[in-house]
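Novice: This is the structure I want to talk about, given as structure tokens.
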Amino acid sequence: MNGFDLLVLIAAAIAVVGGWRLGLVTRALGWVGALVGVAIGINLAPILARWINPPSDTGILLLTAGTLILAVSAGQAIGVTVGARFRPRPDDARLQRFDAIGGSALGVLGVVVLVWLLVPLMAATDGWVASATRSSQVARAVSEHLPDPPKSLENLERSLVNGNFPQLFTNLRPTPELPDPPEGSPITAEQLQALASSSVKIQGDACSIVQSGSGFSVGDGLWITNAHVVAGTDSSRLTTADGATGTGRVVRFDPNLDLAVVQSDDLSAPALGFTDSTEGATGLVLGFPGGGPFQPSPFLLGDHMSATGYDIYDRSVVRRDLLVLSSELEPGDSGSAVVDAGGRAIGVAVAVAPDRAGVAYALDAAGMSDWLAGTDGEPVDTGECLA
729 MNGFDLLVLI AAAIAVVGGW RLGLVTRALG WVGALVGVAI GINLAPILAR WINPPSDTGI
789 LLLTAGTLIL AVSAGQAIGV TVGARFRPRP DDARLQRFDA IGGSALGVLG VVVLVWLLVP
849 LMAATDGWVA SATRSSQVAR AVSEHLPDPP KSLENLERSL VNGNFPQLFT NLRPTPELPD
909 PPEGSPITAE QLQALASSSV KIQGDACSIV QSGSGFSVGD GLWITNAHVV AGTDSSRLTT
969 ADGATGTGRV VRFDPNLDLA VVQSDDLSAP ALGFTDSTEG ATGLVLGFPG GGPFQPSPFL
1029 LGDHMSATGY DIYDRSVVRR DLLVLSSELE PGDSGSAVVD AGGRAIGVAV AVAPDRAGVA
1089 YALDAAGMSD WLAGTDGEPV DTGECLA
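Per the numbering used here, residue 729 is the first one in the sequence shown, and the count goes up by one each step.
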């Protein structure tokens, strides 16, 4: 049990006392009003987030939570006021007792509903909020045993997950603790120069915003990246580490694995070969963090895992083979080559852990050559945008 669990239990205790005093009928009508408030809050929160545009994940979370709480409180207050007119008569002790017990039960149910709505948003933020949520027994139980919250909150959740990272896990498992990221790598300056020539920044317009990620050459003008980098785009702009530019079109798009291939007639480079990896391996992640210049990040491979998560649209449950990296990655590094000391790719960077600094995930390169064999060079649909 952690602080989040304790806070929920305190809220539930207050709800029990308040429900006992209000009674079943009053509390029931109160929650009818609260449900109306939930519906209003869920639809109002994304509008306010776009209008106010909070500068941080925490700001988005506070705005969303505040909007929901205010809307629910207002609806509940109206419902309670109406319900108070229908309470049982004071001279009917048995009915009053039933009314009080039912009111307490409904009070606890209301707390559970509020947690159900907020847990996905809290788990998607950075830092201590996500850490507390993902290590919470209450949050995990709610996530595992209740259905997904309303779809209206999906875009807000994605805006909290910097870089439109996919949900790699269906449950709220906390990120494993790894050693600090290494300060250097075994890759020489000469190796890095060659590797940089096979790395690109990939950008495209979707949903009126610029999506930015990274990619690397797999030969013949083909560049592999993440599907969430190019989702909803009509074309891609490619920029190499030395500033050369070109355009490209998506010729392979896999929203389940979160992989895509961009073909460019303007840019070509030697392919980075794939190889298997072992725990403890070190090297570099060859990315363009924040959509800026080429800036490789050292990594230590901490673990391999097979994870059950969601596709990039949070619609289908999928399995992915992942590498857990100790590395300081950022949005914009998505699609980067994760290369070992021999200069070969062991994975494709895919996401940053929201609850633990210095930990990131990559798609395991094992079997990636077989996946690439399905690329025929014809342009394909890139699906819906994610914003």
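Beta carbons: idealized from backbone N, C-alpha and C, even for Gly. The structure displayed is predicted, hence computed values, not measured ones.
Taking all protein chains shown into account, do 16 or more other C-beta atoms lie within 10 angstroms of the C-beta of aspartate 994, making it buried, or fewer, making it exposed?
Specialist: Exposed, because fewer than 16 other Cβ atoms sit within 10 Å of the Cβ of aspartate 994.
Novice: What number of angstroms, rounded off, separates the C-alpha of serine 996 from the C-alpha of phenylalanine 1022?
Specialist: Their Cα atoms are separated by approximately 17 Å.
Novice: What do you reckon, are the CB atoms on valine 1080 and glycine 1063 nearer than 8 Å?
Specialist: Contact: no.
Novice: Closest by CA to threonine 1010, which one among Glu911, Gly835, Gly1037, Trp1099?
Specialist: Checking every option, the nearest Cα to that of threonine 1010 belongs to Glu911.
Novice: I'd like to know whether the C-beta atoms of alanine 955 and leucine 987 end up nearer to each other than 8 Å.
Specialist: Against a cut-off of 8 Å, the Cβ pair of leucine 987 and alanine 955 comes out as a contact.
Novice: When DSSP labels each residue in this structure, what does phenylalanine 814 get in the three-state scheme?
Specialist: Here phenylalanine 814 sits in helix by DSSP.
Novice: Looking only at its chain, what residues have a beta carbon closer than 7 Å to the beta carbon of alanine 762, apart from the 5 residues adjacent to it on each side?
Specialist: Here the set comprises Val800, Gly803, Gln804, Gly807, Gly838.
Novice: When you compare only the Cα positions, how much space is there between arginine 977 and alanine 924?
Specialist: If I take the Cα positions, the gap works out to 22 Å.
Novice: Would you list, in sequence order, the uninterrupted beta strand (DSSP E) runs of no fewer than 3 residues that lie entirely inside the segment 984-1044?
Specialist: Counting whole runs of 3 or more residues, the segment 984-1044 contains the beta strand (DSSP E) stretches 987-991, 1010-1014, 1025-1038.
Novice: Apply the 10 Å Cβ neighbour rule to proline 909 and answer buried if 16 or more other Cβ atoms are within range, or exposed otherwise.
Specialist: Result: buried.
Novice: How about glycine 831 and leucine 750: do their beta carbons lie closer than 8 Å?
Specialist: Yes.
Novice: Quick check on proline 848: buried or exposed, where buried means 16 or more other Cβ atoms within 10 Å of its Cβ?
Specialist: Buried is the call here.
Novice: Around the Cβ of methionine 729, are there at least 16 other Cβ atoms within 10 angstroms (buried) or fewer (exposed)?
Specialist: With fewer than 16 other Cβ atoms within 10 Å, it is exposed.
Novice: Rounded to whole angstroms, what is the Cα-Cα separation between valine 766 and leucine 796?
Specialist: Approximately 6 Å, taken between the alpha carbons.
Novice: At which residues does the beta strand (DSSP E) containing alanine 1079 begin and terminate?
Specialist: Here the beta strand (DSSP E) through alanine 1079 covers 1073-1080.
Novice: Would alanine 1088 and phenylalanine 944 qualify as a contact pair, given that the criterion is a beta-carbon distance under 8 Å?
Specialist: Result no, Cβ atoms of alanine 1088 and phenylalanine 944 do not sit closer than 8 Å.
Novice: So if DSSP puts glycine 947 in a beta bridge, which residue, or which two residues, is it bridged to?
Specialist: Answer is Leu950.
Novice: Check threonine 916 in the structure and name its three-state DSSP category.
Specialist: If DSSP states are grouped into helix, strand and coil, threonine 916 belongs with coil.
Novice: With three or more C-beta pairs closer than 8 Å as the rule, is the segment 928-940 touching the segment 893-908?
Specialist: The segment 893-908, when compared against the segment 928-940, does not touch it at the 8 Å Cβ threshold.
Novice: Name the residue from Val810, Ala741, Val1052 whose alpha carbon lies nearest to the alpha carbon of leucine 757.
Specialist: Cα-wise, what sits closest to leucine 757 is Val810.
Novice: For threonine 973, which residues in the same chain have their Cβ closer than 6 Å to its Cβ, ignoring the five residues on either side in sequence?
Specialist: Result list for threonine 973: Thr967, in chain order.
Novice: Apart from the five residues on each side of it in sequence, which residues of its chain come closer than 6 Å, Cβ to Cβ, to isoleucine 768?
Specialist: Within the same chain, isoleucine 768 has close Cβ partners Ala799.
Novice: May I ask you to list the residues that DSSP assigns as paired with alanine 934?
Specialist: According to DSSP, alanine 934 bridges with Ile937.
Novice: Is the segment 1033-1052 close to the segment 917-931, with three or more CB pairs under 8 Å?
Specialist: With a cut-off of 8 Å, the segment 917-931 and the segment 1033-1052 do not count as touching, because too few Cβ pairs lie within range.
Novice: What is the residue span of the beta strand (DSSP E) that arginine 980 lies within?
Specialist: It spans 973-982 - the beta strand (DSSP E) in which arginine 980 sits, taken as one unbroken run.
Novice: I need the DSSP call for threonine 861, collapsed to helix, strand or coil.
Specialist: Threonine 861: helix per DSSP, three-state reduction.
Novice: With distances taken between CB atoms, is the gap from alanine 702 to threonine 1110 smaller than 8 Å?
Specialist: The shown model of the chain, from 729 to 1115, leaves out residue 702, and the question about it has no answer.
Novice: Along the beta strand (DSSP E) that carries alanine 1065, what are the first and last residues, could you check?
Specialist: Where alanine 1065 is concerned, the enclosing beta strand (DSSP E) stretches over 1065-1068.
Novice: Compute the beta-carbon to beta-carbon distance between serine 913 and leucine 1012, rounded to the nearest angstrom, for a pair I have assumed lies under 8 Å.
Specialist: Their Cβ separation, rounded to whole angstroms, is 5 Å, which keeps serine 913 and leucine 1012 in contact under 8 Å.
Novice: Do you know how far the Cα of isoleucine 770 is from the Cα of isoleucine 738?
Specialist: Each residue's Cα considered, the two are about 25 Å apart.
Novice: Alpha carbon to alpha carbon, what distance is there between leucine 752 and methionine 1096?
Specialist: If you take the alpha carbons of methionine 1096 and leucine 752, they lie about 58 Å apart.
Novice: Per DSSP, what kind of secondary structure is threonine 968 in: helix, strand or coil?
Specialist: Of the three classes helix, strand and coil, the one that applies to threonine 968 here is strand, per DSSP.
Novice: Give me the Cα-Cα distance between proline 1082 and serine 871, rounded to the nearest whole angstrom.
Specialist: Near 17 Å, if we compare the C-alpha coordinates of serine 871 and proline 1082.
Novice: Consult DSSP for aspartate 1049 and reduce its assignment to one of helix, strand or coil.
Specialist: Aspartate 1049: strand per DSSP, three-state reduction.
Novice: If the criterion is Cβ atoms closer than 8 Å, does the pair valine 843 and valine 744 meet it?
Specialist: No, Cβ-Cβ distance for valine 843 and valine 744 is not below 8 Å.
Novice: Looking at the structure shown, is valine 1108 part of a helix, part of a strand, or coil, going by DSSP?
Specialist: Of the three classes helix, strand and coil, the one that applies to valine 1108 here is coil, per DSSP.
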